[in-house]
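For reference, the structure is listed below as structure tokens.
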Amino acid sequence: MKRVVLGFVVFVLGLTLAQPRAGSYPYRSAAFTTFIQDSYKESPSQGVQPFYDWLEAAYAKTPVAKLPGYEQLSLVEALAQRKQELAALKDVAARTRLELDTGAWLHKLVKSTILRFSLDRGFEFTYAVTNSERQCLLQSVLIAGMLQDMGIQAGAYMIWKNNKGQVSNLGHVTAIIKLSDGRDVEIDASEPTPFFTHQGIFAPINGKYQFAQPVFNADNTISAYQVVSTGQTVKPAAVTPLSFDYLRSQFYYYRGERAPGGFLAAPKTPEGLAASQRFLEQAVRYAPENPLATYVLGSVLLREGQTQAARSYIQKGYKLYEQYGYIPDGPKAAMALASR
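So this is what it looks like as structure tokens:
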């Protein structure tokens, strides 16, 4: 009887631990440094300047990136200054205004210090240093990490529908601020203006990953989300930014997706597909709940002729999308192919 009770407790505890939690990775924290270390491990890094040193030097020599009114401060000092200002505000409306102002500042900071957008390499911190390149995940994690460092509740969401209503298979990432007054706002450094209006997000809602559509106010802030699977409308407080493990998984997903000769390459090579497989397997290990990494790993295995394993991952990915409330065309096609 004791074994049964103990087993039940462990089972319940496991369920509790499995609940998605908002990622915590403040700038220069051990968690944020892990993102950087992964990048320096998985991409050419010999002789590459440390990312923090490079970014802070770029900030120091870029006037437009500076915190207005505190141009003499270093980046770390500017973050500390704004953190102090935010902590001193007790009025919710005033704090919300300063949070929005801070988001706009970081949008400009990232765009003016990491100059170019690159889908092929911009997810690696090494290429931010050597080529001044960024991509949606790196810029979103960087913005969210600096916001968190200043005591602002922030994170990142996956995007499946852009501002024009065009649908993708979780093809983009945006930073998000959970404003003190209960609204959300997207901060997207891929766009010319800071507060953007992507129409479809993917994130945990009430503890379960869901596809949802934001309800925007006239000022581009978000007052609610409509859950795709149920049509239910929830407040922003019900929506949790992606976890650290999910974001780490997503970095590895992009490595697998963009491996030379791999999943998206033309032509594909055995070596490239093997690299894609390795990165995607790591992505799934970090976040088995990541549907994109799971389904694409299956697609790579299918291309390599590993049919049984491929079917398993494609089916798992398909079931995850189904569970989350929306199945994009890619997983549908892969499921049909794997079922032959």
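Residue numbers (the numbering used here): 4 to 343. Where is the CB? At the ideal position from N, CA and C, for every residue including glycine.
Given a cut-off of 8 Å, decide if residue j and residue i are closer than it, judged by their beta-carbon atoms.
i: residue 305; j: residue 296; result: no
i: residue 155; j: residue 80; result: no
i: residue 238; j: residue 227; result: yes
i: residue 78; j: residue 152; result: no
i: residue 260; j: residue 299; result: yes
i: residue 170; j: residue 208; result: no
i: residue 99; j: residue 46; result: no
i: residue 68; j: residue 143; result: no
i: residue 33; j: residue 246; result: no
i: residue 160; j: residue 205; result: yes
i: residue 41; j: residue 281; result: no
i: residue 307; j: residue 276; result: yes
i: residue 301; j: residue 336; result: no
i: residue 180; j: residue 106; result: yes
Alpha carbon to alpha carbon, what distance is there between residue j and residue i?
i: residue 145; j: residue 162; result: 17 Å
i: residue 183; j: residue 199; result: 18 Å
i: residue 111; j: residue 188; result: 16 Å
i: residue 138; j: residue 303; result: 23 Å
i: residue 265; j: residue 84; result: 45 Å
i: residue 17; j: residue 95; result: Its pLDDT being 38, under 50, residue 17 is placed unreliably in this model, and the value from its coordinates should be taken loosely. Taking the straight line from one Cα to the other gives about 37 Å.
i: residue 10; j: residue 157; result: Residue placement at residue 10 is flagged as unreliable, the pLDDT there being 41, under the threshold of 50; a coordinate-derived value is accordingly withheld.
i: residue 166; j: residue 289; result: 30 Å
i: residue 164; j: residue 342; result: 28 Å
i: residue 193; j: residue 201; result: 12 Å
i: residue 323; j: residue 313; result: 15 Å
i: residue 294; j: residue 75; result: 45 Å
i: residue 346; j: residue 232; result: Because the chain in this structure spans residues 4 to 343, residue 346 falls outside the shown range and cannot be described.
i: residue 56; j: residue 119; result: 19 Å
i: residue 249; j: residue 66; result: 34 Å
i: residue 256; j: residue 278; result: 11 Å
i: residue 320; j: residue 285; result: 15 Å
i: residue 317; j: residue 28; result: 31 Å
i: residue 195; j: residue 121; result: 16 Å
i: residue 37; j: residue 104; result: 28 Å
i: residue 48; j: residue 191; result: 27 Å
i: residue 310; j: residue 173; result: 25 Å
i: residue 60; j: residue 35; result: 18 Å
i: residue 97; j: residue 87; result: 14 Å
i: residue 168; j: residue 62; result: 35 Å
i: residue 113; j: residue 58; result: 9 Å
Let's test the definition: count the other Cβ atoms within 10 Å of the Cβ of residue i and tell me whether it reaches 16, buried, or not, exposed.
i: residue 327; result: buried
i: residue 274; result: exposed
i: residue 220; result: exposed
i: residue 332; result: exposed
i: residue 22; result: exposed
i: residue 64; result: exposed
i: residue 234; result: exposed
i: residue 203; result: buried
i: residue 91; result: exposed
i: residue 253; result: buried
So, is the C-beta of residue i closer than 8 Å to a C-beta in chain B?
i: residue 105; result: Protein chain content of the structure displayed is limited to a single chain, and chain B is not contained in it.
Excluding five sequence neighbours on each side, which residues of the same chain lie with their C-beta closer than 8 Å to the C-beta of residue i?
i: residue 236; result: 218, 227, 228, 229 and 230
i: residue 123; result: 261
i: residue 225; result: 186, 187, 188, 189, 217, 218, 219 and 239
i: residue 51; result: 43, 129, 132 and 133
i: residue 292; result: 23, 212, 249 and 323
i: residue 93; result: none
i: residue 334; result: 172, 294, 298, 317, 320, 321 and 324
i: residue 70; result: 76, 81, 84, 85 and 108
i: residue 315; result: 301
At a cut-off of 7 Å, is residue i close to the ligand PLP when judged by its beta-carbon and the heavy atoms of the ligand?
i: residue 50; result: This structure simply doesn't include the ligand PLP, nor any ligand for that matter.
Which same chain residues end up closer than 7 Å to residue i when comparing Cβ atoms and leaving out the 5 residues on each side of it in sequence?
i: residue 149; result: 30, 82 and 109
i: residue 54; result: 39, 128, 131 and 132
i: residue 125; result: 136, 137, 138 and 141
i: residue 272; result: 264
Please go through the same chain and pick out, in chain order, the residues whose beta-carbon is closer than 6 Å to the beta-carbon of residue i, but skip the five residues on each side of it.
i: residue 269; result: none
i: residue 147; result: 157, 158, 159 and 178
i: residue 175; result: 139 and 162
i: residue 340; result: none
i: residue 330; result: 324
Ordered list of beta strand (DSSP E) runs contained in the stretch 8 to 84, each at least 3 residues: none
Unbroken stretches of the alpha helix (DSSP H), 4 residues or longer, contained in the stretch 208 to 282: 247 to 261
Ordered list of alpha helix (DSSP H) runs contained in the stretch 302 to 333, each at least 4 residues: 310 to 327
Sequence ranges, alpha helix (DSSP H) only - wholly within the stretch 93 to 170, length at least 4: 95 to 116, 128 to 134 and 139 to 152
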